[in-house]
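For what it's worth, the working numbering labels the leading residue of the sequence shown as 509, then goes sequentially.
Taking it in order: structure first as structure tokens, then the write-up.
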Amino acid sequence: MIARGPKRLAMGAAVLCVLGAFSGYQVFLVGKRPTPAPATRFEPLLAPRVVTVTPGVHMLGHLLPSAVYVIELTDGLLLIDAGLDTEHELLCQGLADLGLDVTKIRAILLTHAHGDHTLGAMPLRHKSGAKIYAGKADARALREGGPWTAIFSKFDMPEVVVHPTDVDVELSGGETLDFGETIVKVLATPGHTPGSVCYLVHRDGQQMLFAGDTLMSLSGGTGTYSAYLSPQYRGDSQAYLRSLRALRELPAPDLLLPGHPREDRVPQSPRLTLGQWRQMLDRGIRELETLNHRYRTDGADFLDGRPKEILPGLHYLGDLEDCAAYLLDTGSQLLLLDAPGGPGLPAWLESRLRERGLSERPLTAVLLTSCSDEALAGLPALIEATGCGVVCSAAGIDQVGRRCPDAQPIKADELTRTGWLDATVVPLADLHPAAVAYQFSWHGKRVLASGRMPIQGSQAEHQALEKAFDGSASAARAYRQSLQALLPLKPDIWLPAIPVHGINANLYDSQWRRILSFNLMQLPGVSHSIKP
């Protein structure tokens, strides 16, 4: 599943997927559904309505966010995917528009486990007794109705209740399903999810490929976003690459019917030439080859709660109270970024340092990215336990002194003079008190620690920004100034205080500018992004 669209939409009854302004950060908002247009016959384009793409094969395209396809059989109906359960009445209405009876559904073939394709299956099963088919590697998550990451990846959909989905037939790939005049060949295409499958349907002398989110749209969109995510979201870049290469070896299908045709801004014809078919796959293959090369070269350094050494001496210690802890080992100094977690920080830190083989050395100092409550929560206990120093922005000296009377904080712009770390210090007129960013070179990489700014697109971050900007022109101005200060930095590795969705610490190409563009678009009255 994917989200695309504007920053704000009116509240309404149906779920609408909305993509933020930069790749990798997506949010779900709620939008009002337009009234479905009447069904059309033999429409050559996959338009956002009920469409007959070829006699006996229809797309229920007015559903959001994914399409459901129905194939007429001699003795009933065959469905490819089932949409959300909140879309059930619209799906039934779409069938009725075509003169089809929902109780005649014989089988529901699911392309993968994501809920926008699967949660509607059980209501349909209850009405029709249909058997449900799904990829073997997705079957357990479907039957258990979770975890959330298996059903909705990283998308926030608080209004959706996830439920178990029965799977009658587990598919491994290579099976042939015989529905009389309609023969279905199952193609295992793991990568978007472990159990992703495509269905190659032979009917009336045509081959139709129902591609789910392996190939999401006709303009070349693939579901490769999941390959960029932490393993907890179940994407797999290497498996995905193998799947696309296998599809590349097939002849172009007569009809390509993807999972999200509405992602095409202009409706497209599902009839592709061989050149278009190969071009689509080659684009995805090149993307995944690049991604896999980066993972091999730089590491897949996901900030997902699992401690790891990002670069020699640069440690991600995991998360404490939802805040990340990073440690720099300069060889002579140990420097901790922020002090989250409250009184339990000293014991937690000692345990993590022991795991990294660093427990015999004293902590030199804490580098604060702000004087927010979260950044300072563990500082009093840590100073009492270790006697470590504190580095903060000039604006935060008094705040640190009030919180920790025994501390003798050092101004951040004097950090280089201490000999602890040669860093560029960037004061941020942020929404958090006394915010500052540190950029430094580390083993040939530019590393940036910028605290809670910029945001990454989570629902909580959006709500916090909207609250801060509500009626406050000065807050919006300050945020814009901070974005402008961060723009020239061009980091290779980003260490945010709160790593949303276990993001990769590595930044590539123009990703940093896209992140800042996304943040700029959150400002009231801003309608353009930073130019690449």
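From the three backbone atoms N, C-alpha and C, an ideal C-beta is built for every residue, glycine too.
Through-space distance from residue j to residue i, alpha-carbon basis
i       : j       : result
Ala943  : His596  : 48 Å
His622  : Ile659  : 4 Å
Ile613  : Arg864  : 57 Å
Thr560  : Leu581  : 15 Å
Arg988  : Ala902  : 21 Å
His1009 : His625  : 22 Å
Val1034 : Ala1005 : 26 Å
Met1029 : Tyr733  : 21 Å
Ser880  : Ala832  : 14 Å
Gln534  : Gln1019 : Confidence is the limiting factor: at Gln534 the pLDDT is only 33, short of 50, which leaves the residue's position unreliable and the question unanswerable from this model.
Ala1013 : Trp1002 : 5 Å
Arg860  : Trp928  : 22 Å
Ala696  : Glu678  : 12 Å
Asp605  : Ile616  : 20 Å
Val705  : Ala889  : 52 Å
Pro999  : Thr562  : 51 Å
Pro739  : Asp812  : 9 Å
Ser745  : Cys600  : 36 Å
Limits of the unbroken alpha helix (DSSP H) element including residue i
i      : result
Ala604 : His596 to Asp605
Val908 : Ile905 to Arg911
Gly987 : According to the sequence provided, residue 987 is Tyr. The question's Gly does not apply to it. Unbroken alpha helix (DSSP H) run through Tyr987: Ala981 to Leu994.
Leu755 : Ser745 to Arg756
Leu887 : Leu887 to Thr894
Thr657 : Trp656 to Phe660
Ala855 : Leu853 to Glu863
Leu884 : Asp881 to Leu884
For residue i, three-class secondary structure by DSSP
i       : result
Leu842  : strand
Ser680  : coil
Leu836  : strand
Arg557  : coil
Leu1024 : helix
Asp809  : coil
Glu580  : strand
His671  : coil
Gly1033 : coil
Ala629  : helix
Gly826  : strand
Arg964  : Here residue 964 turns out to be Gln, not Arg, going by the sequence shown. Here Gln964 sits in coil by DSSP.
Arg791  : helix
Ile1038 : coil
Tyr1016 : coil
Leu782  : helix
Thr701  : coil
Leu936  : strand
Leu717  : strand
Leu973  : helix
Beta-carbon proximity of residue i to residue j, cut-off 7 Å
i      : j      : result
Lys639 : Asp676 : yes
Thr838 : Leu871 : no
Leu825 : Pro815 : yes
Gln643 : Ala590 : In the sequence as presented, Gln is not what sits at residue 643; that position holds Gly. Against a cut-off of 7 Å, the Cβ pair of Ala590 and Gly643 comes out as no contact.
Arg557 : His566 : no
Pro766 : Ala719 : yes
Leu843 : Ala873 : yes
Leu819 : His951 : yes
Gln947 : Leu997 : yes
Pro775 : Ala575 : no
Ala847 : Leu887 : yes
Leu845 : Ala957 : yes
Ala760 : Trp785 : yes
Leu789 : Leu755 : yes
Cross-strand partners of residue i (DSSP beta bridge)
i       : result
Trp1002 : Leu956
Cys900  : Lys919
Tyr803  : Answer is none; Tyr803 lacks a bridge partner.
Arg620  : In the sequence as presented, Arg is not what sits at residue 620; that position holds His. For His620, which the question treats as bridged, DSSP gives no partner whatsoever.
Val874  : Leu844 and Val898
Ser949  : Arg954
Ala931  : Phe948
Leu587  : Val578 and Ile616
Leu571  : Answer is none; Leu571 lacks a bridge partner.
Lys639  : Ala615
Where the beta strand (DSSP E) through residue i begins and ends
i      : result
Ser725 : Unbroken run through Ser725: none, as it is neither H nor E.
Lys644 : Segment Lys644 to Glu652 is the alpha helix (DSSP H) holding Lys644; no beta strand (DSSP E) there.
Leu737 : Unbroken run through Leu737: none, as it is neither H nor E.
Ile691 : Thr690 to Ala696
Pro766 : Leu763 to Pro766
Glu817 : Lys816 to Leu819
Leu568 : Val565 to Leu568
His710 : Val705 to Arg711
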